[in-house]
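Novice: Letter by letter, the sequence shown follows residues -26 to -1, 1 to 435 of mature numbering (1 follows the signal peptide of the UniProt record, and there is no 0).
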Amino acid sequence: MKFPFDMMFFVSTVATVACIANVASADVFRLPINRTTIGWDFRFVGPNRKAEAHQLPFGAQDQRKRRVLRSRNREQANVGHHQEQLERVHIPVGPVRSTGHHSDDEVIFWSLFTTPISIGKPPLNLTALIDTSWSSFFIPSANCTLNPKERSSCLVHAPLYNSTKSSTYRADLRPGKLLYHSYNGVYTWGIISQDDLHVANMEIRNQVFEEALEWHPMWFTRDDYFDTALGLSLHQTPESWGNFSAQSPFQNMVQQNLLDENIFTLKLPRNDNETGELVLGGVPEILTRDKMIQIPLNHTRDGGGDEWWDFYTSSGWQVSTQRISMDSPNGSIPVLTAEHTAIVSSSYPYIALPDDAATIANHAIGLEELYDWVECETRPQLPNMTLGLGAGAPSITLSPWDYLIEVYDDLFQQLKCVSAFQSMEWRGEMGFIMLGAPFLSGVWSVWDKDGESISFANRAL
């Protein structure tokens, strides 16, 4: 894939080859989850800086402005330090502003979580993002390469889906377009098709999907790490930009009676060296359901007219949050004391809170804001985060190994533990918060359609 000439990504990833066997029941299926953490230097923008900045995901635009301002104030004091670091990694050195290499104030980190699936007969292998907030299935088409303007962005995903080679393909041919809402956003235009989707040893028949003839990653997106998203939403998720919306693969698993129970279990990896797990239709043997903390779903599906919240509440996976605090042997610091609706999302990379709450959480660990970082060796001295979900339910505890994003910075050859506490800015006043991947990395979670609940159990380090 071609990126703008002056954009640079820093990637911390470990290729994991994992084969997780199916459990005893024929209707319970297990898949590995791999994590890749990406660092992005937002000084590496192309010629049209204003347009590209507007393609940043929510939260990153304001964060970018604040961090650029802060970095300017520190830049002169840091020139010697950064030049020394650049020399150590054998990068030609000039004034810091002209080298384009990042300072700590200008790199933002997030993680994506993927699993292997396939489509068609014979099956075409795909790498899919795990997304509990998304429904519609989409993949790049081989016909995308017929357009010279689209060829380079589509060939990133080769081999591509060719409907003429799949015996289970069913034509629809209606036009469709969608915007995949994520920190890895993609605009697509194409035609609607149907084919059989293979998830572990499960065959989902007649999955409706968009066969993309045009594939435009947003400026922030690293789509060389995924081909599609495996939607696990409880409901169909509409989005205002596109005209295509379809039932999620999870909804089709339920409708086609493919699962032993209409549930799935997630264990997201805590770092890039760990392999997580998605269990469809059951729970791993290590878990005891009646010992988990079961939280009923909050059926609020109205974002108050705000397009962003309207989208995230449409997935159906949200619970009530009563309180959040930062706790240590020295005392407890209240972070959130009023009830909020928490959207629980595997694809959202942070724990997003009202502005004051995010500030309190970051100050409790000695930081100013999202993307600031601490030495990972200090984690044993940092407080835990305690979350009270649901009415009267036991609290859930996140350790610093959970709420900090562990990433190895290849440029500075340093392990960093980066804050995941994001300010929701003005959207934080609407009564919602986001419990994203850092929250889910610290727990086992069981998502129960029929029981209308999400159950949690803390994971041992």
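Glycine included, C-beta positions come from ideal geometry on N, C-alpha and C.
May I ask which residues mark the beginning and end of the alpha helix (DSSP H) holding Q225?
Specialist: The count along the sequence shown starts at 1 and reaches residue 225 at position 251. Start and end: 223 to 229.
Novice: Where do the N-terminal and C-terminal ends of the beta strand (DSSP E) with F413 fall, by residue?
Specialist: Mapped onto the sequence shown, residue 413 falls at position 439. No beta strand (DSSP E) contains F413, which is instead part of the alpha helix (DSSP H) from 411 to 415.
Novice: Count the other CB atoms, across all protein chains shown, that sit within 10 Å of the CB of V70; report buried if there are 16 or more and exposed otherwise.
Specialist: Looking up residue 70 in the sequence shown gives position 96. For V70, the predicted structure reports a pLDDT of 25, less than 50, and the residue's modelled location is therefore unreliable. The matter cannot be settled from this model.
Novice: How is S289 classed by DSSP in three states: helix, strand or coil?
Specialist: For the purposes of this step, residue 289 is taken as the residue at position 315 of the sequence shown. S289 falls in the coil class under three-state DSSP.
Novice: Determine the contact status of G164 and L129, defining contact as a CB-CB distance below 8 Å.
Specialist: Taking the first residue of the sequence shown as 1, we reach residue 164 at position 190. Taking the first residue of the sequence shown as 1, we reach residue 129 at position 155. No.
Novice: Give the secondary structure of I12 by DSSP, where H, G and I count as helix, E and B as strand, and everything else as coil.
Specialist: Start at 1 with the first residue of the sequence shown, and residue 12 comes out as number 38. Three-state DSSP puts I12 in a strand.
Novice: Would Q229 be called buried (16 or more neighbouring beta carbons within 10 Å of its own) or exposed?
Specialist: Taking the first residue of the sequence shown as position 1, residue 229 is located at position 255. The residue in question, Q229, is exposed, as its Cβ has fewer than 16 Cβ neighbours within 10 Å.
Novice: Go to A145, then tell me how far its beta strand (DSSP E) extends in each direction, as first and last residue.
Specialist: The residue given as residue 145 occupies position 171 in the sequence shown. Where A145 is concerned, the enclosing beta strand (DSSP E) stretches over 144 to 154.
Novice: Across which residues does DSSP place F371 in a beta bridge pair?
Specialist: By one-based count along the sequence shown, residue 371 stands at place 397. As written in the sequence, residue 371 is Thr, which differs from the Phe given in the question. Paired residue(s): T360.
Novice: Find out if the Cβ-Cβ distance for the pair I82, Y345 is shorter than 8 Å.
Specialist: As a position in the sequence shown, residue 82 is number 108, starting the count at 1. As a position in the sequence shown, residue 345 is number 371, starting the count at 1. Yes, they are a contact pair.
Novice: Could you tell me the boundaries of the beta strand (DSSP E) in which N336 lies?
Specialist: For the purposes of this step, residue 336 is taken as residue 362 along the sequence shown, with counting starting at 1. From DSSP, N336 is part of no beta strand (DSSP E) but of the alpha helix (DSSP H) over 329 to 338.
Novice: What would DSSP say about E213, mapped onto helix, strand or coil?
Specialist: Along the sequence shown, read from residue 1 onward, the residue named residue 213 stands at position 239. It is coil, neither helix nor strand.
Novice: Out of I379, V160, R401, L310, state which residue places its alpha-carbon closest to the alpha-carbon of V392.
Specialist: Residue mapping note: residue 392 aligns to position 418 of the sequence shown, counting from 1. The residue with the shortest Cα to Cα distance from V392 is I379.
Novice: R196: which of L86, Y322, A316 sits nearest, CA to CA?
Specialist: As a working note, residue 196 is residue 222 in the sequence shown. For the residues L86, Y322, A316, the minimum Cα distance to R196 belongs to L86.
Novice: By DSSP, does E259 sit in helix, in strand, or in coil?
Specialist: To locate residue 259, count along the sequence shown from 1; it is residue 285. Of the three classes helix, strand and coil, the one that applies to E259 here is coil, per DSSP.
Novice: Whose CA, out of G279, E259, Q296, H190, lies closest to the CA of I269?
Specialist: The residue given as residue 269 occupies position 295 in the sequence shown. If we check each option's Cα against that of I269, Q296 comes out closest.
Novice: The alpha helix (DSSP H) with C128 in it runs from where to where?
Specialist: Residue numbering aside, residue 128 sits at position 154 when the sequence shown is read from its first letter. Here the alpha helix (DSSP H) through C128 covers 122 to 129.
Novice: Can you tell me which of the three DSSP states R353 falls into?
Specialist: Numbered from 1 along the sequence shown, position 379 holds the residue referred to as residue 353. Three-state result, R353: helix.
Novice: Just how far apart, CA to CA, sit E80 and H190?
Specialist: Here residue 80 corresponds to residue number 106 of the sequence shown, with the count starting at 1. Here residue 190 corresponds to residue number 216 of the sequence shown, with the count starting at 1. Cα to Cα, the separation comes out at about 25 Å.
Novice: Between the alpha carbons of M266 and G250, how many angstroms are there, rounded?
Specialist: In the sequence shown, counting from the first residue as 1, residue 266 sits at position 292. In the sequence shown, counting from the first residue as 1, residue 250 sits at position 276. So the alpha carbons of these two residues sit roughly 19 Å apart.
Novice: K123: buried (16+ other C-beta within 10 angstroms of its C-beta) or exposed?
Specialist: As a first step, residue 123 is located in the sequence shown; it is residue number 149 there, counting from the start. K123 comes out exposed.
Novice: With a CB to CB cut of under 7 Å and the five nearest residues on each side skipped, what residues in its chain are close to L233?
Specialist: As a first step, residue 233 is located in the sequence shown; it is residue number 259 there, counting from the start. The residues are D1, M227, L254, G255.
Novice: Do A174 and F285 have their CB atoms nearer than 8 Å?
Specialist: Against the sequence shown, residue 174 aligns to sequence position 200. Against the sequence shown, residue 285 aligns to sequence position 311. Their beta carbons are not under 8 Å apart, which means A174 does not touch F285 by this criterion.
Novice: Just confirm the distance between the C-beta atoms of F395 and I325, as a whole number of angstroms; I'd bet it's less than 8 Å.
Specialist: Taking the sequence shown and counting its residues from 1, one reaches residue 395 at position 421. Taking the sequence shown and counting its residues from 1, one reaches residue 325 at position 351. The Cβ separation is near 6 Å, so the contact holds.
Novice: Quick one: what's got a C-beta closer than 6 Å to S429's C-beta in the same chain, skipping five residues either side?
Specialist: For this step, residue 429 is matched to residue 455 along the sequence shown. M266, Q268, V420, listed in sequence order.
Novice: Which value, in whole angstroms, describes the spacing of the CA atoms of K423 and S140?
Specialist: Reading the sequence shown from its first residue, position 449 is the one you call residue 423. Reading the sequence shown from its first residue, position 166 is the one you call residue 140. In a straight line, the C-alpha of K423 is about 32 Å away from that of S140.
Novice: Less than 8 Å separating the beta-carbons of L372 and G416?
Specialist: Numbered from its first residue, the sequence shown carries residue 372 at position 398. Numbered from its first residue, the sequence shown carries residue 416 at position 442. A contact, by the Cβ cut-off of 8 Å.
Novice: Counting along the chain, where does the beta strand (DSSP E) carrying L103 start and finish?
Specialist: Taking the first residue of the sequence shown as position 1, residue 103 is located at position 129. Per DSSP, L103 belongs to the beta strand (DSSP E) from 98 to 105.
Novice: Does the structure place the region 233 to 242 close enough to the region 211 to 220 that three or more beta carbon pairs sit under 8 Å?
Specialist: Segments in contact, no.
Novice: May I ask which residues mark the beginning and end of the beta strand (DSSP E) holding V160?
Specialist: Here the question's residue 160 lines up with position 186 in the sequence shown. Unbroken beta strand (DSSP E) run through V160: 160 to 173.
Novice: Short check: CB of A132 to CB of T202, under 8 Å?
Specialist: Taking the first residue of the sequence shown as position 1, residue 132 is located at position 158. Taking the first residue of the sequence shown as position 1, residue 202 is located at position 228. For A132 and T202, no; Cβs fall outside 8 Å.
Novice: Check the DSSP bridge columns for D422 and list the partner residues they point to.
Specialist: Against the sequence shown, residue 422 aligns to sequence position 448. The partner list for D422 (beta bridge, DSSP) reads I237, S427.
Novice: Using the rule of at least 16 other Cβ atoms within 10 Å of the residue's Cβ for burial, across every protein chain shown, is D376 buried or exposed?
Specialist: Residue numbering aside, residue 376 sits at position 402 when the sequence shown is read from its first letter. Label assigned to D376: buried.
Novice: So is L414 buried or exposed if we call it buried at 16+ other beta carbons inside 10 Å?
Specialist: Within the sequence shown, numbered from 1, the residue matching residue 414 stands at position 440. Buried.
Novice: In angstroms with no decimal places, state the Cα-to-Cα distance between S156 and L252.
Specialist: If you number the sequence shown from 1, residue 156 lands on position 182. If you number the sequence shown from 1, residue 252 lands on position 278. Near 20 Å, if we compare the C-alpha coordinates of L252 and S156.
Novice: Taking the beta strand (DSSP E) that K390 falls in, what are its first and last residues?
Specialist: For this step, residue 390 is matched to residue 416 along the sequence shown. First-last of the beta strand (DSSP E) with K390: 388 to 393.
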